[in-house]
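Protein chains in written order, with this note's numbering: chain E, 1 to 192; chain R, 1001 to 1214; chain W, 2001 to 2220.
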């Protein structure tokens, strides 16, 4: 159990997908202007990540032992199809949720965080439960980073920033500060 | 010059769609298999060379080594049935001439930032370590990664007696099992000691009981 | 009715290098740009792999553009890109295993580098093979320049070395942060701010007065 907890916490804060592993930067920079959109994108990501973790576990256990070099192709095809299926399912089962998520769902396909999740899960040889803990932690961490950045940017909107600096350069420097802060989580479990 | 929108919209037949995807899929598969067969021998050779180098480092350059697989009953020269080669845990017995030098054992455990993977040399008869090399680590450069670079830390693993006792340098008493942590890299140092102890607890008895050629 | 003038072939090559630099201007492909630029060697290796994938898939996409139905074009492009990435991954592992280990999962992540899919969708699928190749080369060079710049800054400040050779001497206390994740963000952020400031000064000098700078397009 503590193993699963370590995987979850490690993926969420110690090795945060966005701030430490540089995955999921497209949404992080593009969709983090408002807290609400950030939350929605994060929620969509968690959903897709959990489904992907299960699918990847299936692929690894049943299919890919025989042909490891087909891994990349298999993953990307599965992820693209999964996102399509999830989108259709959400549309049918919960139109309200579909409207709330909006265009964020299809954008997730080219999100390196999902493919990164699949690859890390495979390289570390996670079983089904560990994969799920990993996906939940990664998604939670991604959402956390998104929301933090969004709240800072909302405040920046009304701050006194020079005109030439009102662009992605400033957002990246703030991301650097956030990443620095998250480094404080290293060693969280090690003193045990 | 093209006039935009001059073509009437066509719907493509499903067979055409599936055929295109299938065709490209087949082409992709062919290309990948071709490159795989071309590069796989080289990749395997690289991995074997890296492993041999690591074993050489921790066992003091043996002439050759045997690969032994850890099973419930002891060490086996053959892969246990139904286990894939990269799933089985292996230890390596080094030989100089016809004398066994010691075992090279892989260990891993969580460090400060992420898991640390290392290999260490072990003489099962005297329970003495023969060497230690860190294979993979993501510890903080300049601080935690001293477990790789600090030669006074690493050389402790050439004489220490298992089970290891890690101590900070203010409390060192000079005992034969003591490993003094690197100042400022206590957690990374402790991770190394823990990984070795945990692995020896598990496979140590098997190593001690092993008789070559039995 | 005047026909639309096609830009000269040399223009296709040059535009990707600076004016439409994929990383520094369009802010695409940031994941690898930040993750593996902690040394110049890694930056060059990643750039080479990406270049290979970009050029290969642009040429292939442009060659088959007429036989791929519109409905499945994105899936086909992704399939093509994934194939080249797998090949690049295997070649790297066979030829430079140490660098391959350093780059880790990010070689495989070239597949979802929006820069590559973007070039196929926007350009290679609508132009001749020759132009597509030039476009890919220009974009690849721009990518390499951006990554190498980042790599040089981070390795120099974070390690005191360039390409493994000590440059700043033994008394230099390295800014370790620069080779850690925050350093990537800070380096790229400062670079972007610098370029933004430079273009503002250029615009001011040209027009003789201070102009408000339009914020960079946010990546969708």
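Just so you know, even glycine gets a beta-carbon here, dropped at the ideal spot from N, CA and C.
Return the CA-CA distance between residue i and residue j, expressed in angstroms with no decimal places.
i, j, result
"residue 2052/W", "residue 2045/W", "11 angstroms"
"residue 243/E", "residue 2157/W", "An answer regarding residue 243/E cannot be provided, because it is not within the stretch 1 to 192 covered by chain E."
"residue 2032/W", "residue 2181/W", "12 angstroms"
"residue 2129/W", "residue 2058/W", "8 angstroms"
"residue 2036/W", "residue 2144/W", "12 angstroms"
"residue 2104/W", "residue 2149/W", "21 angstroms"
"residue 2139/W", "residue 1097/R", "58 angstroms"
"residue 178/E", "residue 20/E", "10 angstroms"
"residue 1001/R", "residue 2064/W", "Its pLDDT being 43, under 50, residue 1001/R is placed unreliably by the model, and nothing is read from it."
"residue 1176/R", "residue 1131/R", "15 angstroms"
"residue 2029/W", "residue 1198/R", "42 angstroms"
"residue 1114/R", "residue 1137/R", "7 angstroms"
"residue 2178/W", "residue 2155/W", "7 angstroms"
"residue 28/E", "residue 1092/R", "46 angstroms"
"residue 192/E", "residue 42/E", "Low per-residue confidence applies at residue 192/E: pLDDT is 37, beneath 50, and the placement is therefore not dependable, though the value from the model is reported in the following sentence. Their backbone Cα atoms lie some 31 angstroms apart in a straight line."
"residue 181/E", "residue 2114/W", "28 angstroms"
"residue 1041/R", "residue 1020/R", "33 angstroms"
"residue 1120/R", "residue 1059/R", "8 angstroms"
Determine the extent of the alpha helix (DSSP H) in which residue i is found, giving its start and end residues.
i, result
"residue 116/E", "112-123"
"residue 2194/W", "2181-2207"
"residue 1180/R", "That residue, residue 1180/R, is in no alpha helix (DSSP H); its beta strand (DSSP E) goes 1178-1180."
"residue 2051/W", "2040-2063"
"residue 59/E", "That residue, residue 59/E, is in no alpha helix (DSSP H); it is neither H nor E in DSSP."
"residue 2090/W", "2073-2095"
"residue 1209/R", "1186-1209"
"residue 2116/W", "2114-2122"
"residue 2011/W", "2009-2015"
"residue 168/E", "168-182"
Can you tell me which of the three DSSP states residue i falls into?
i, result
"residue 1159/R", "coil"
"residue 1169/R", "helix"
"residue 1099/R", "strand"
"residue 1015/R", "helix"
"residue 1137/R", "coil"
"residue 127/E", "coil"
"residue 1091/R", "strand"
"residue 154/E", "helix"
"residue 2148/W", "helix"
"residue 69/E", "helix"
"residue 1108/R", "strand"
"residue 94/E", "coil"
"residue 1126/R", "coil"
"residue 2037/W", "coil"
"residue 1002/R", "Because the pLDDT at residue 1002/R is just 45, under 50, the model does not fix this residue reliably, and the value given afterwards should be weighed accordingly. Residue state, collapsed to three classes: coil."
"residue 5/E", "helix"
Could you give the residue range of the beta strand (DSSP E) that holds residue i?
i, result
"residue 1072/R", "Neither: residue 1072/R is in no beta strand (DSSP E) and is coded neither H nor E."
"residue 1119/R", "1115-1123"
Given a threshold of 16 other Cβ atoms within 10 Å of its Cβ, counted over all protein chains shown, does residue i qualify as buried or as exposed?
i, result
"residue 2170/W", "exposed"
"residue 2135/W", "buried"
"residue 2198/W", "exposed"
"residue 135/E", "buried"
"residue 1187/R", "buried"
"residue 58/E", "exposed"
"residue 141/E", "buried"
"residue 1083/R", "exposed"
"residue 1033/R", "exposed"
"residue 149/E", "buried"
Taking the alpha-carbon of residue i as reference, which of the options has the nearest alpha-carbon?
i, options, result
"residue 55/E", "157/E, 81/E, 7/E, 113/E", "81/E"
"residue 1144/R", "1110/R, 1204/R, 1165/R", "1110/R"
"residue 1146/R", "1112/R, 1042/R, 1054/R, 1044/R", "1112/R"
"residue 1162/R", "1152/R, 1203/R, 1151/R", "1203/R"
"residue 83/E", "2075/W, 2146/W, 2047/W, 2117/W", "2075/W"
"residue 1075/R", "1158/R, 1105/R, 1020/R, 1019/R", "1105/R"
"residue 1196/R", "1035/R, 1069/R, 1160/R, 1070/R", "1160/R"
"residue 2183/W", "2141/W, 2153/W, 2066/W, 2106/W", "2153/W"
"residue 117/E", "2108/W, 2026/W, 2123/W", "2108/W"
"residue 2082/W", "86/E, 76/E, 85/E", "76/E"
"residue 2091/W", "1126/R, 1122/R, 1037/R", "1037/R"
"residue 7/E", "137/E, 176/E, 47/E, 188/E", "137/E"
"residue 1108/R", "1191/R, 1014/R, 1015/R, 1127/R", "1191/R"
Is the beta carbon of residue i within less than 7 angstroms of some heavy atom of the ligand PLP?
i, result
"residue 22/E", "The ligand PLP is not among the ligands present in this structure, which contains no ligands whatsoever."
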